[in-house]
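Residue numbers (the working numbering), protein chains in the order written: chain A, 3 to 420; chain B, 3 to 420.
Right, one structure below, let's go through it.
2 protein chains.
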Amino acid sequence: MHRPHVLILGAGFAGLGAAEKLKKAAVDVTLIDKNNYHTFQPLLYQVATNLLDVDIVGSPIRDAVLKQDNLAFHQASISRIDLRNRIAVCAEMEPLSYDYLVIALGAKVNFFGVKGASEYAFPLYTLADATRLKKQILTRFEIADKDPSQIDNGALNFVIVGGGPTGVEISGALASFINHDLINDYPDLAVDRSRIILVDGGTELLRMFKDNSQVYTKNKLEEIGVEVMLGQRVNEITSASVIFQTGEQIKTHTLIWAGGLQASPLVENLGVELAAGNRLPVGPDLLLLGHPNVYVAGDIAMITDGKTAESLPQLGSVAIQAGHHVGESIARQEKGKSVKPFKYRDKGTMATIAKGAAVLQMPHGPTLTGEAAWLSWGAVHLALLGGGGNRASALVKYGFTLFSGKRSSRIIVDEDAE
Amino acid sequence: MHRPHVLILGAGFAGLGAAEKLKKAAVDVTLIDKNNYHTFQPLLYQVATNLLDVDIVGSPIRDAVLKQDNLAFHQASISRIDLRNRIAVCAEMEPLSYDYLVIALGAKVNFFGVKGASEYAFPLYTLADATRLKKQILTRFEIADKDPSQIDNGALNFVIVGGGPTGVEISGALASFINHDLINDYPDLAVDRSRIILVDGGTELLRMFKDNSQVYTKNKLEEIGVEVMLGQRVNEITSASVIFQTGEQIKTHTLIWAGGLQASPLVENLGVELAAGNRLPVGPDLLLLGHPNVYVAGDIAMITDGKTAESLPQLGSVAIQAGHHVGESIARQEKGKSVKPFKYRDKGTMATIAKGAAVLQMPHGPTLTGEAAWLSWGAVHLALLGGGGNRASALVKYGFTLFSGKRSSRIIVDEDAE
Numbered sequence: 003m004h005r006p007h008v009l010i011l012g013a014g015f016a017g018l019g020a021a022e023k024l025k026k027a028a029v030d031v032t033l034i035d036k037n038n039y040h041t042f043q044p045l046l047y048q049v050a051t052n053l054l055d056v057d058i059v060g061s062p063i064r065d066a067v068l069k070q071d072n073l074a075f076h077q078a079s080i081s082r083i084d085l086r087n088r089i090a091v092c093a094e095m096e097p098l099s100y101d102y103l104v105i106a107l108g109a110k111v112n113f114f115g116v117k118g119a120s121e122y123a124f125p126l127y128t129l130a131d132a133t134r135l136k137k138q139i140l141t142r143f144e145i146a147d148k149d150p151s152q153i154d155n156g157a158l159n160f161v162i163v164g165g166g167p168t169g170v171e172i173s174g175a176l177a178s179f180i181n182h183d184l185i186n187d188y189p190d191l192a193v194d195r196s197r198i199i200l201v202d203g204g205t206e207l208l209r210m211f212k213d214n215s216q217v218y219t220k221n222k223l224e225e226i227g228v229e230v231m232l233g234q235r236v237n238e239i240t241s242a243s244v245i246f247q248t249g250e251q252i253k254t255h256t257l258i259w260a261g262g263l264q265a266s267p268l269v270e271n272l273g274v275e276l277a278a279g280n281r282l283p284v285g286p287d288l289l290l291l292g293h294p295n296v297y298v299a300g301d302i303a304m305i306t307d308g309k310t311a312e313s314l315p316q317l318g319s320v321a322i323q324a325g326h327h328v329g330e331s332i333a334r335q336e337k338g339k340s341v342k343p344f345k346y347r348d349k350g351t352m353a354t355i356a357k358g359a360a361v362l363q364m365p366h367g368p369t370l371t372g373e374a375a376w377l378s379w380g381a382v383h384l385a386l387l388g389g390g391g392n393r394a395s396a397l398v399k400y401g402f403t404l405f406s407g408k409r410s411s412r413i414i415v416d417e418d419a420e
Numbered sequence: 003m004h005r006p007h008v009l010i011l012g013a014g015f016a017g018l019g020a021a022e023k024l025k026k027a028a029v030d031v032t033l034i035d036k037n038n039y040h041t042f043q044p045l046l047y048q049v050a051t052n053l054l055d056v057d058i059v060g061s062p063i064r065d066a067v068l069k070q071d072n073l074a075f076h077q078a079s080i081s082r083i084d085l086r087n088r089i090a091v092c093a094e095m096e097p098l099s100y101d102y103l104v105i106a107l108g109a110k111v112n113f114f115g116v117k118g119a120s121e122y123a124f125p126l127y128t129l130a131d132a133t134r135l136k137k138q139i140l141t142r143f144e145i146a147d148k149d150p151s152q153i154d155n156g157a158l159n160f161v162i163v164g165g166g167p168t169g170v171e172i173s174g175a176l177a178s179f180i181n182h183d184l185i186n187d188y189p190d191l192a193v194d195r196s197r198i199i200l201v202d203g204g205t206e207l208l209r210m211f212k213d214n215s216q217v218y219t220k221n222k223l224e225e226i227g228v229e230v231m232l233g234q235r236v237n238e239i240t241s242a243s244v245i246f247q248t249g250e251q252i253k254t255h256t257l258i259w260a261g262g263l264q265a266s267p268l269v270e271n272l273g274v275e276l277a278a279g280n281r282l283p284v285g286p287d288l289l290l291l292g293h294p295n296v297y298v299a300g301d302i303a304m305i306t307d308g309k310t311a312e313s314l315p316q317l318g319s320v321a322i323q324a325g326h327h328v329g330e331s332i333a334r335q336e337k338g339k340s341v342k343p344f345k346y347r348d349k350g351t352m353a354t355i356a357k358g359a360a361v362l363q364m365p366h367g368p369t370l371t372g373e374a375a376w377l378s379w380g381a382v383h384l385a386l387l388g389g390g391g392n393r394a395s396a397l398v399k400y401g402f403t404l405f406s407g408k409r410s411s412r413i414i415v416d417e418d419a420e
């Protein structure tokens, strides 16, 4: 008997979520990702600031796969999806055919055409981004240490563009990394001359949070030494500076781009009209319009909540729930049942600023700030990380790191070196 | 008052050893290394086989430096040493002058002119080497998993050249990694068709060990699945094979070179006649001949034990003791005392083969093999790693890893990727 073949492209929160819900379905599942690891994206900023090791934020996909008998994983880069012939093509394997397709390929950073950004900006969307940024930060300190005149050239200036959760979290973590750790590592260097500048084009940080959280966040960041510049838009990035639309200029070699996402470029040749940010528009059932066997979930999808026309944000929590819904829907289809519309359950949005300082936005409940919000943040992330498998020892280490503030080794391994 | 300036080039075992013994001397010390971390080289093979994390085998030099008030560290690559003008030159800083120079720049792999080796062989001397090799091993399994016909092309064949401690240890560790871990990660792959082949041109493994250790090692390796080929010399390495001088050929994409070292190329323009392997010959006091203020220690030095003309091996234990001797000698010179000749105290040489299996060669005592040797090995290495600073949590993790066999995450982060 032919068992239907479910092909899941992408092993992020959405792809893994879909796979998990197909565990007991009478289907064969193939999961494809260009990496052999799943990335816990909400904590990438902690890899970049040396608080977490790569192997805690990235976990082997095969660890998840081993628990699921009807699933095979392959590490491959999809180059083309052919909806008409129902195949996905990659260079390393025979084309993969499917009965059901789950497109969960995620997004990539969106530089919105800013000149110099693709050459010089440091995005923070992948684990490779995070390790590159960490290496960049440490290398700037080594350079300034050897030649302090480089401080005048902006070697210790770090500019973060984008005042959403990613921008806020990396700014806060960087302040802590520099002012608590690197200051001890470089006793002869004027570390107090380093600057962390968080820039946003709007009038407030954390746009989706309530007013009091926005004010708390700005005050807290300034308290720990982050300069917050609002109403500034970037015009150009060079190897040694950022130039704003006002003509104002800041010397920096490290511009961290937390400015937004666009869908994986694979969607461009699908023959489908794309939504804002090149995202794939889906119906309330998360099916690609006109394709009753093609689901889309995660950052690549433009999902509206059904009640309003507003689209759901590109967050891990949306991706996990959408992935689960897709897996359940395919299981229902296989049993001859109808597919239900997707309903997002907003369990709150958080951003952490410093040890003991965070904001937590509940959809209908109170807004938490400060120590209580930070403890909630810690507990939720420990629980979520733990969900990936039997990673007890890593979590013990992470809990220890989180609450003690003791960091990983500050080493720069250049794999291209001799 | 002018305090004499001691310039130490290289923060390996020898350089750090010298620095440590100058802690209380009335000198200013500058330590230079091209990396910002010290590498615990005896355990590199464990990074390559995923048993240890990069941040345990590499430790921040600044952690050691912070404890020493008279020492400054800079990360820089020395391009030239000018003995006549008493300066060391690097691109990133002003030339560094010195009153005393300690050359402890280590070695690099020696391919002995074998064709294709520099392009295709994987050496194992640096932390970057170890991470590259780990990535290569995991990538071969991913490739074979996608296209099992690649096994016929040698994707799962691993050839190790050199039957000294490095070759023996990486062979044993690789057998354990493949047969205990990767076999579970790739349930659909014929992992049992992988081959590990340890090749040496001589008639036995571990030449410096006694006969019974050599026999034990060969038997133990074969027992855990390593093929041992003696009396075979490599003629050429290609991207997909190794060709021996007999014309015999083995398909492989992963040739691990544990075949020997040559001194850092910086010694070539010193105007000094070099010894075998380009090493710098030193007197019994570890001074460069004709230069009463230039010491040489570690893998870059050709040190004879004074009693015979035989040179001491390029081992961590020799480097540490030589480094200590150099530091003590400079401190003595500064006090107007005479310099003593260096005496190497052989505390034994070890190699580990598998969990519960190792060989331990004492200079005048018994030869240990098996479980007892392995436990000694574990204890000694835990103690040595701990010597580098307050690294308690890393060591707890390492001890746990060592005795439980539980491994780090098997993830491949490609920093060059998008």
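All C-beta atoms, glycine included, are put in the ideal place defined by N, C-alpha and C.
Pair within 8 Å by beta-carbon distance, residue i and residue j
i, j, result
"G118 of chain A", "T240 of chain A", "yes"
"S215 of chain A", "Q363 of chain A", "yes"
"A175 of chain A", "Y47 of chain A", "yes"
"L268 of chain B", "L276 of chain B", "no"
"W376 of chain B", "G358 of chain B", "yes"
"V116 of chain A", "Y127 of chain A", "no"
"I430 of chain B", "V361 of chain B", "Coverage of chain B is limited to positions 3 through 420, which leaves residue 430 of chain B absent and any answer about it impossible."
"T254 of chain B", "G338 of chain B", "no"
"P6 of chain A", "Y122 of chain A", "no"
"V170 of chain B", "I252 of chain B", "no"
Beta-carbon proximity list for residue i, same chain, < 7 Å, skipping 5 on both sides
i, result
"G108 of chain B", "G12, G14, S266, G300, D301, I302"
"I414 of chain A", "K137, L140, T141"
"V31 of chain A", "V8, I10, A21, L24, N72, L73"
Beta-carbon contacts of residue i that lie in its chain and below 8 Å, excluding the five residues immediately before and after
i, result
"S120 of chain B", "F113"
"T205 of chain B", "L232, G233"
"R64 of chain A", "N38, F75"
"V217 of chain A", "none"
"P150 of chain A", "L191, A192"
Where residue i falls: helix, strand or coil (DSSP)
i, result
"L317 of chain A", "coil"
"Y297 of chain B", "strand"
"Q247 of chain A", "coil"
"D202 of chain A", "strand"
"F143 of chain B", "helix"
"L18 of chain A", "helix"
"S99 of chain B", "strand"
"D35 of chain A", "strand"
"H255 of chain B", "coil"
"L223 of chain B", "helix"
Same chain, Cβ closer than 6 Å to residue i, neighbours up to 5 away in sequence not counted
i, result
"V328 of chain B", "A20, V104, L288, Y297, A299"
"V59 of chain B", "F42, L45, V49"
"A16 of chain A", "A106, A299, G300, A321, A324, G325"
"D348 of chain A", "P365"
"L370 of chain A", "L362"
Worksheet item: What residues from the stretch 144-168 of chain B come within 8 Å of chain A, judged by C-beta to C-beta, listed N to C?
Response: E144, I145, D147, K148, D149
Worksheet item: Does the pairing of the stretch 75-94 of chain B with the stretch 218-230 of chain B give three or more beta-carbon distances under 8 Å?
Response: no
Item to complete: Could you run through the stretch 55-84 of chain A and flag, in chain order, every residue whose CB is less than 7 Å away from some CB of chain B?
Response: D55, V56, D57, G60, S61, P62, R64, L68, A74, H76, Q77, A78
Worksheet item: Of the residues that make up the stretch 274-291 of chain B, which ones have a beta carbon closer than 9 Å to any beta carbon in chain A?
Response: none
Worksheet entry | Selection of the stretch 179-211 of chain B by Cβ proximity to chain A, strictly under 8 Å | N186, D187, Y188, P189, D190
Item to complete: Could you list the residues in the stretch 94-117 of chain A with a C-beta less than 8 Å from some C-beta on chain B, going in chain order?
Response: E94, M95, K110
Worksheet item: In the stretch 248-275 of chain B, which residues sit with their C-beta less than 7 Å from some C-beta in chain A, listed in chain order?
Response: none
Worksheet item: Is there contact between the stretch 183-202 of chain B and the stretch 141-150 of chain B, where contact requires at least three CB pairs shorter than 8 Å?
Response: yes
Worksheet item: For the stretch 38-56 of chain B, which residues have a CB atom closer than 7 Å to at least one CB atom of chain A, in sequence order?
Response: N38, Y39, D55, V56
Fill in: chain A contacts made by the stretch 6-20 of chain B, where a contact means CB separation under 8 Å
none
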